[in-house]
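*Asks:* Next up is a structure, given as structure tokens.
Number of protein chains: 2
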Amino acid sequence: MDKSIFEFIEEHREEYIEWLCKFCEIPSVAAQNRGMVESRDFLESLFAQALQTKPEILPTRGQPVVYAHLAGKKTTTLSFYNHYDVQPEDPIELWDSPPFEPTIKNGKIYARGVADNKGNIIARIAAIHAIKQVMGELPIDIKFIFEGEEEIGSIHLADFANHHQDKIQSDGCVWEFGYRDADDRLQVSLGVKGMLYVELFINGANTDLHSAQASIIESPIWRLVWALNLLKDKNDHVLIPGFYESIQPVTSEEEILLSRYILEENSTLEHLGLKQFINGLSGEKLKSKYLYEPTCNICGIQSGYTGEGSKTILPSSAFAKIDFRLVPGQKPDQLLKDLRTYLNVNGYEDIGIRVFGAEEAARTNPSEKIAEAVIETISTYSELPPNIVPNTPGTGPMYDLCQRYGIPSVSFGVGHFASYTHAPNENIRIEDFIENIKLIAALVFKFEEKMNEEGGVTSEAI
Amino acid sequence: MDKSIFEFIEEHREEYIEWLCKFCEIPSVAAQNRGMVESRDFLESLFAQALQTKPEILPTRGQPVVYAHLAGKKTTTLSFYNHYDVQPEDPIELWDSPPFEPTIKNGKIYARGVADNKGNIIARIAAIHAIKQVMGELPIDIKFIFEGEEEIGSIHLADFANHHQDKIQSDGCVWEFGYRDADDRLQVSLGVKGMLYVELFINGANTDLHSAQASIIESPIWRLVWALNLLKDKNDHVLIPGFYESIQPVTSEEEILLSRYILEENSTLEHLGLKQFINGLSGEKLKSKYLYEPTCNICGIQSGYTGEGSKTILPSSAFAKIDFRLVPGQKPDQLLKDLRTYLNVNGYEDIGIRVFGAEEAARTNPSEKIAEAVIETISTYSELPPNIVPNTPGTGPMYDLCQRYGIPSVSFGVGHFASYTHAPNENIRIEDFIENIKLIAALVFKFEEKMNEEGGVTSEAI
Numbered sequence: 001m002d003k004s005i006f007e008f009i010e011e012h013r014e015e016y017i018e019w020l021c022k023f024c025e026i027p028s029v030a031a032q033n034r035g036m037v038e039s040r041d042f043l044e045s046l047f048a049q050a051l052q053t054k055p056e057i058l059p060t061r062g063q064p065v066v067y068a069h070l071a072g073k074k075t076t077t078l079s080f081y082n083h084y085d086v087q088p089e090d091p092i093e094l095w096d097s098p099p100f101e102p103t104i105k106n107g108k109i110y111a112r113g114v115a116d117n118k119g120n121i122i123a124r125i126a127a128i129h130a131i132k133q134v135m136g137e138l139p140i141d142i143k144f145i146f147e148g149e150e151e152i153g154s155i156h157l158a159d160f161a162n163h164h165q166d167k168i169q170s171d172g173c174v175w176e177f178g179y180r181d182a183d184d185r186l187q188v189s190l191g192v193k194g195m196l197y198v199e200l201f202i203n204g205a206n207t208d209l210h211s212a213q214a215s216i217i218e219s220p221i222w223r224l225v226w227a228l229n230l231l232k233d234k235n236d237h238v239l240i241p242g243f244y245e246s247i248q249p250v251t252s253e254e255e256i257l258l259s260r261y262i263l264e265e266n267s268t269l270e271h272l273g274l275k276q277f278i279n280g281l282s283g284e285k286l287k288s289k290y291l292y293e294p295t296c297n298i299c300g301i302q303s304g305y306t307g308e309g310s311k312t313i314l315p316s317s318a319f320a321k322i323d324f325r326l327v328p329g330q331k332p333d334q335l336l337k338d339l340r341t342y343l344n345v346n347g348y349e350d351i352g353i354r355v356f357g358a359e360e361a362a363r364t365n366p367s368e369k370i371a372e373a374v375i376e377t378i379s380t381y382s383e384l385p386p387n388i389v390p391n392t393p394g395t396g397p398m399y400d401l402c403q404r405y406g407i408p409s410v411s412f413g414v415g416h417f418a419s420y421t422h423a424p425n426e427n428i429r430i431e432d433f434i435e436n437i438k439l440i441a442a443l444v445f446k447f448e449e450k451m452n453e454e455g456g457v458t459s460e461a462i
Numbered sequence: 001m002d003k004s005i006f007e008f009i010e011e012h013r014e015e016y017i018e019w020l021c022k023f024c025e026i027p028s029v030a031a032q033n034r035g036m037v038e039s040r041d042f043l044e045s046l047f048a049q050a051l052q053t054k055p056e057i058l059p060t061r062g063q064p065v066v067y068a069h070l071a072g073k074k075t076t077t078l079s080f081y082n083h084y085d086v087q088p089e090d091p092i093e094l095w096d097s098p099p100f101e102p103t104i105k106n107g108k109i110y111a112r113g114v115a116d117n118k119g120n121i122i123a124r125i126a127a128i129h130a131i132k133q134v135m136g137e138l139p140i141d142i143k144f145i146f147e148g149e150e151e152i153g154s155i156h157l158a159d160f161a162n163h164h165q166d167k168i169q170s171d172g173c174v175w176e177f178g179y180r181d182a183d184d185r186l187q188v189s190l191g192v193k194g195m196l197y198v199e200l201f202i203n204g205a206n207t208d209l210h211s212a213q214a215s216i217i218e219s220p221i222w223r224l225v226w227a228l229n230l231l232k233d234k235n236d237h238v239l240i241p242g243f244y245e246s247i248q249p250v251t252s253e254e255e256i257l258l259s260r261y262i263l264e265e266n267s268t269l270e271h272l273g274l275k276q277f278i279n280g281l282s283g284e285k286l287k288s289k290y291l292y293e294p295t296c297n298i299c300g301i302q303s304g305y306t307g308e309g310s311k312t313i314l315p316s317s318a319f320a321k322i323d324f325r326l327v328p329g330q331k332p333d334q335l336l337k338d339l340r341t342y343l344n345v346n347g348y349e350d351i352g353i354r355v356f357g358a359e360e361a362a363r364t365n366p367s368e369k370i371a372e373a374v375i376e377t378i379s380t381y382s383e384l385p386p387n388i389v390p391n392t393p394g395t396g397p398m399y400d401l402c403q404r405y406g407i408p409s410v411s412f413g414v415g416h417f418a419s420y421t422h423a424p425n426e427n428i429r430i431e432d433f434i435e436n437i438k439l440i441a442a443l444v445f446k447f448e449e450k451m452n453e454e455g456g457v458t459s460e461a462i
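First to last, the sequence lines map onto chains Y and R.
The first sequence begins at 1 in UniProt numbering and counts up one residue at a time.
The second sequence begins at 1 in UniProt numbering and counts up one residue at a time.
Have a look at this one:
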């Protein structure tokens with residue numbers, strides 16, 4: 001790769017930061033359908049300005065996908081999957097600066113979505129911009145696939161991929177996210193967990209009642225508490241029958257990857273103000289639980305009076321939002337059925353279930369060209385060797401967009417360990433952002449080189 | 001009693017309704033310290049206008065007590081206990097008219113506090129106003145004791161009573177509330193349950209986390225759910241050791257009162273949109289549980305994301321507000337100790353307890369003069385005989401203000417079965433309000449008559 005591309009990136013760093021800040025000013029919260037059109041308008045104008053192309057705005061039954069295909073010199077195609085929607089900003093009172101007014105402080109940019117996922121979108125556009133400006137043309141084909149519903153479970157992406165198999169096809173996909181670990185090593189993720197996101201809800205009397213009625217009127221929130229208690233025990237063991245049964249055993253290759261994976265225990269605990277991890281775990285058991293085990297997490301719960309002081313009511317309704325993070329082998333549809341049956345069998349037919357998201361887990365083989373290219377790029381151009389994560393604990397529609405169509409996918413990005421993704425004071429470090437632009441640019445050339453090597457696994461070969 | 005008092009009340013009905021509506025415009029929510037001064041100002045000006053007297057504003061460590069002593073012809077004293085604070089108005093979206101803009105519709109007045117407790121305050125002032133206007137003087141001494149913290153557990157009333165034993169002393173007290181049953185019979189309540197109101201709270205990591213962390217970071221809301229589950233089982237049986245042990249057995253007299261007490265099962269269920277009462281109870285068992293058994297009720301719970309759609313976080317904190325309604329024999333202080341010990345023994349030392357209220361239960365003997373006077377007044381002047389409730393399922397500081405000082409107390413008031421106390425669309429029926437003014441006026445004369453009868457139990461005699 002021509003080193004002048006790195007120089008070009010350095011010279012244009014302020015411009016790239018400005019692109020990012022402008023993008024982060026748009027409150028594109030898909031869960032509330034805010035700022036979504038404005039985000040697509042921004043991307044259209046950025047593509048026109050930076051890449052001299054007009055992206056396609058491809059409709060779905062929800063938010064459209066922003067898609068662009070830039071032709072290069074070769075038959076190899078590299079795709080980027082990202083999302084332009086962000087998490088809601090609340091609890092807003094815990095932000096040190098307004099979430100949609102990007103703020104630069106101590107070498108970091110603070111804004112909702114700056115790490116997840118707008119920093120990565122801008123870094124990838126910037127890298128292709130730099131290559132085009134310096135080289136005049138691209139060495140391979142590049143595809144951008146930016147969906148608008150990742151934070152609400154990518155509910156229409158499977159349909160989209162199914163209807164646009166030609167457009168999404170590539171020889172390798174760079175997945176949306178990535179974070180440096182507490183040791184400052186870039187994490188390279190080869191997989192994601194799946195998810196089932198549900199809301200359990202229950203109604204009682206047709207109005208809140210004076211709590212004196214509690215001795216004779218059934219309480220929806222008590223019933224919800226009892227039902228939740230059936231889902232998981234104090235040792236974090238999920239109690240829904242069949243929950244663990246279909247999980248694919250961890251392979252010896254995955255065990256080796258796990259043993260090499262670094263989880264900085266002390267700095268993590270210190271950073272979060274905690275004394276220990278769940279069940280007092282550490283070492284290999286902790287890492288294994290983190291990457292290879294499913295979860296059952298309460299994202300939110302509410303019922304009745306939650307203001308200051310006391311109010312004596314028997315609330316008429318209650319709900320809890322729950323996400324299950326799934327590992328390969330677990331099927332969200334089957335889990336949903338099992339959950340319904342389990343509630344019914346235990347007498348909780350009155351508890352309703354709303355589904356907000358369902359995705360399968362996915363893992364990419366580390367011997368894939370795209371995996372090798374990413375790992376070699378980081379090993380060559382970054383200060384520290386990568387921390388390879390066989391399976392990230394997070395979730396994304398990797399199965400629906402890639403694995404299902406034989407496209408290997410690997411994830412790395414602009415975030416760092418304390419990026420506070422999904423939380424107040426989300427941030428990235430400016431130097432991480434700039435280095436990521438360079439690494440993406442270098443990856444384009446490394447991937448072209450890998451794909452033209454003799455032998456090795458290709459996506460067509462698996 | 002001179003019947004012209006009833007005529008006077010009828011002639012002044014619009015004026016009395018206007019007093020009530022003006023009072024209900026003031027949002028005197030003690031839990032949020034709103035409108036409390038304005039409420040006291042209103043009462044001062046109403047006392048001046050209606051009763052030509054200036055009430056004392058007696059300080060406490062919280063909201064002051066509005067107190068007035070009006071001298072009559074005899075040595076008998078009747079006191080009225082009421083409260084000028086109201087419950088918070090939320091959930092405000094479920095009100096059909098603004099909670100602090102009193103609205104008259106179909107013969108009812110809708111407003112927060114109109115039933116609990118401003119309707120009773122105005123009815124009692126109006127009754128004394130009418131007697132004074134018609135008769136020129138009062139037949140007995142009247143005392144008004146209006147506190148401002150009933151809805152937050154009357155936290156300073158016990159101290160107040162202790163410091164002002166001379167002021168609170170009377171031969172009988174008319175307690176603050178009262179409701180007609182679904183059969184339209186006026187309920188006369190001879191007692192109240194006690195209460196312990198606590199908030200259980202727990203903190204985890206120092207910030208909300210991406211829910212991918214749920215496999216290795218302990219969840220505060222899961223811990224709270226597990227702890228709550230230890231407090232009460234599916235059969236509504238409280239599991240805190242010792243909870244039921246100190247309860248005074250129901251006497252044979254109380255059993256007779258219970259058997260006469262009417263609980264309109266079908267209309268109650270229909271009104272609330274429910275198919276059955278708790279545990280499918282009915283008849284004597286239902287009534288007994290309603291009046292004579294304690295509760296453990298969740299008034300509110302909150303943690304994490306509770307907005308629209310999905311957000312995938314591991315919340316950093318959680319809390320639940322719980323009220324225990326207690327029956328005679330149960331001590332709130334002891335229960336608090338037992339609760340703390342129980343949580344600790346089960347490994348929940350990390351769950352904190354905030355106390356928002358603690359009151360003992362109280363019951364008045366039905367052979368007391370004030371009880372007899374109330375029952376006879378209603379039997380004489382109301383269309384249907386009273387429904388005598390030996391022990392209301394609600395709570396009030398009756399023990400601290402009356403029983404502790406040998407003052408018998410009886411409760412009846414302006415509300416009806418569907419008054420939606422503590423809930424949206426709180427209301428009273430105008431005709432109930434007007435009749436209650438007449439009944440209070442008649443009671444003043446009946447009580448005087450009773451107190452001058454030979455024999456019988458007096459407050460001094462017990």
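Glycine included, each C-beta is placed from N, C-alpha and C at the ideal position.
The model shown is predicted, which means the values in this text are computed figures rather than measured ones.
In chain order, what residues of the same chain lie with their CB nearer than 8 Å to the CB of residue 217 of chain Y, ignoring the 5 residues before and after it?
*Replies:* Once the five neighbours on either side are set aside, the close Cβ partners of residue 217 of chain Y are 204, 205, 209 and 314.
*Asks:* For a minimum of 3 consecutive residues, which ranges assigned as the beta strand (DSSP E) are wholly contained in the UniProt domain "Peptidase M20 dimerisation" (191 to 348) of chain Y?
*Replies:* The qualifying runs are 194 to 203, 297 to 304 and 317 to 326.
*Asks:* CA-CA distance, residue 229 of chain R and residue 410 of chain Y?
*Replies:* 43 Å
*Asks:* From R:176, R:188, R:19 and R:40, pick the residue whose C-alpha is nearest to that of residue 385 of chain R; which is it?
*Replies:* R:188
*Asks:* Following the continuous beta strand (DSSP E) through residue 66 of chain Y, name the residue where it begins and the one where it ends.
*Replies:* 65 to 70
*Asks:* By the 7 Å beta-carbon criterion, what residues does the stretch 215 to 235 of chain Y contribute toward chain R?
*Replies:* 215, 216, 217, 218, 219, 221, 222, 225, 226, 228, 229, 232 and 234
*Asks:* If you count every other CB in all the chains shown that lies within 10 Å of the CB of residue 242 of chain Y, and 16 or more means buried, which is it?
*Replies:* exposed
*Asks:* Relative to the C-alpha of residue 311 of chain Y, which residue among Y:378, Y:335, Y:211 and Y:331 is closest?
*Replies:* Y:211
*Asks:* Using the beta-carbon of each residue, which ones in chain Y are nearer than 8 Å to residue 286 of chain R?
*Replies:* 216
*Asks:* Given 8 Å as the limit, is there contact between the stretch 55 to 67 of chain R and the stretch 147 to 164 of chain R, that is, 3 or more CB pairs closer than that?
*Replies:* With a cut-off of 8 Å, the stretch 147 to 164 of chain R and the stretch 55 to 67 of chain R count as touching, because enough Cβ pairs lie within range.
*Asks:* Determine the DSSP secondary structure at residue 446 of chain Y, reduced to helix, strand or coil.
*Replies:* Helix.
*Asks:* Under 8 Å between beta-carbons, which chain Y residues line up against residue 394 of chain R? List them in chain order, please.
*Replies:* 210 and 212
*Asks:* Looking at residue 360 of chain Y and residue 332 of chain Y, is the spacing between their C-beta atoms short of 8 Å?
*Replies:* yes
*Asks:* Which one of R:443, R:175, R:364 and R:300 has the shortest CA to CA distance from residue 328 of chain R?
*Replies:* Considering only R:443, R:175, R:364 and R:300, the residue with the shortest C-alpha distance to residue 328 of chain R is R:364.
*Asks:* Establish whether the CB of residue 301 of chain R and some CB of chain Y are separated by less than 8 Å.
*Replies:* yes
*Asks:* Note down the Cα distance separating residue 456 of chain R from residue 373 of chain R, rounded to an integer number of angstroms.
*Replies:* Confidence in residue 456 of chain R is poor, its pLDDT being 48 and thus under 50, which makes the residue's placement unreliable; the coordinate value appears in the next sentence. If I take the Cα positions, the gap works out to 12 Å.
*Asks:* Identify every run of the beta strand (DSSP E) within the stretch 39 to 100 of chain R, keeping only runs that are complete inside it and at least 3 residues long; order them along the chain.
*Replies:* 56 to 58, 65 to 70 and 77 to 83
*Asks:* Secondary structure at residue 352 of chain R, three-state DSSP: helix, strand or coil?
*Replies:* strand
*Asks:* I'd like to know if residue 406 of chain R contacts chain Y, where contact means its C-beta is closer than 8 Å to some C-beta of that chain.
*Replies:* No, residue 406 of chain R lies away from the interface with chain Y (no Cβ there is under 8 Å from its Cβ).
*Asks:* Using the C-alpha atoms, what's the distance from residue 122 of chain Y back to residue 419 of chain Y?
*Replies:* Those two C-alpha atoms are separated by around 17 Å.
*Asks:* Roughly how many angstroms separate the alpha carbons of residue 446 of chain R and residue 128 of chain R, rounded to a whole number?
*Replies:* Rounded to the nearest angstrom, the two C-alpha atoms are 14 Å apart.
*Asks:* So residue 421 of chain Y packs on residue 116 of chain Y, CB below 8 Å; how close in whole Å?
*Replies:* 5 Å
*Asks:* Under a Cβ-count criterion, where at least 16 other Cβ atoms within 10 Å of its own Cβ denotes burial, should residue 256 of chain Y be classed as buried or exposed?
*Replies:* exposed
*Asks:* Taking the alpha helix (DSSP H) that residue 119 of chain Y falls in, what are its first and last residues?
*Replies:* 119 to 135
*Asks:* Mind listing the chain Y neighbours of residue 321 of chain R? Cutoff is C-beta to C-beta under 8 Å, in chain order.
*Replies:* 304, 305, 306, 310 and 311
*Asks:* Tell me which residues share the same chain as residue 376 of chain Y and place their Cβ nearer than 7 Å to its Cβ, disregarding the 5 neighbours each side in the sequence.
*Replies:* 446
*Asks:* Is residue 14 of chain R helix, strand or coil by DSSP?
*Replies:* Note: residue 14 of chain R maps to helix in three-state DSSP.
*Asks:* Counting only C-beta atoms, is residue 293 of chain R closer than 8 Å to chain Y at any point?
*Replies:* yes
*Asks:* According to DSSP, residue 387 of chain R sits in a beta bridge with which residue or residues?
*Replies:* R:187
*Asks:* Compile a chain-ordered list of the residues in the stretch 421 to 435 of chain Y whose CB is closer than 7 Å to at least one CB of chain R.
*Replies:* 421, 422, 423 and 424
*Asks:* Which stretch, first to last residue, makes up the beta strand (DSSP E) that contains residue 395 of chain Y?
*Replies:* It is not in any beta strand (DSSP E) - residue 395 of chain Y carries neither H nor E in the DSSP assignment.
*Asks:* Per DSSP, which residues does residue 143 of chain R bridge with? Please list them.
*Replies:* R:69 and R:79
*Asks:* With a cut-off of 8 Å, do at least 3 Cβ pairs link the stretch 89 to 101 of chain R to the stretch 166 to 174 of chain R?
*Replies:* no
*Asks:* For residue 273 of chain Y, go through chain R and note every residue whose CB falls closer than 7 Å to its CB, in chain order.
*Replies:* 205 and 206
*Asks:* Tell me which residues share the same chain as residue 468 of chain R and place their Cβ nearer than 8 Å to its Cβ, disregarding the 5 neighbours each side in the sequence.
*Replies:* For chain R, the structure presents residues 1 to 462; residue 468 of chain R sits outside this window and is missing.
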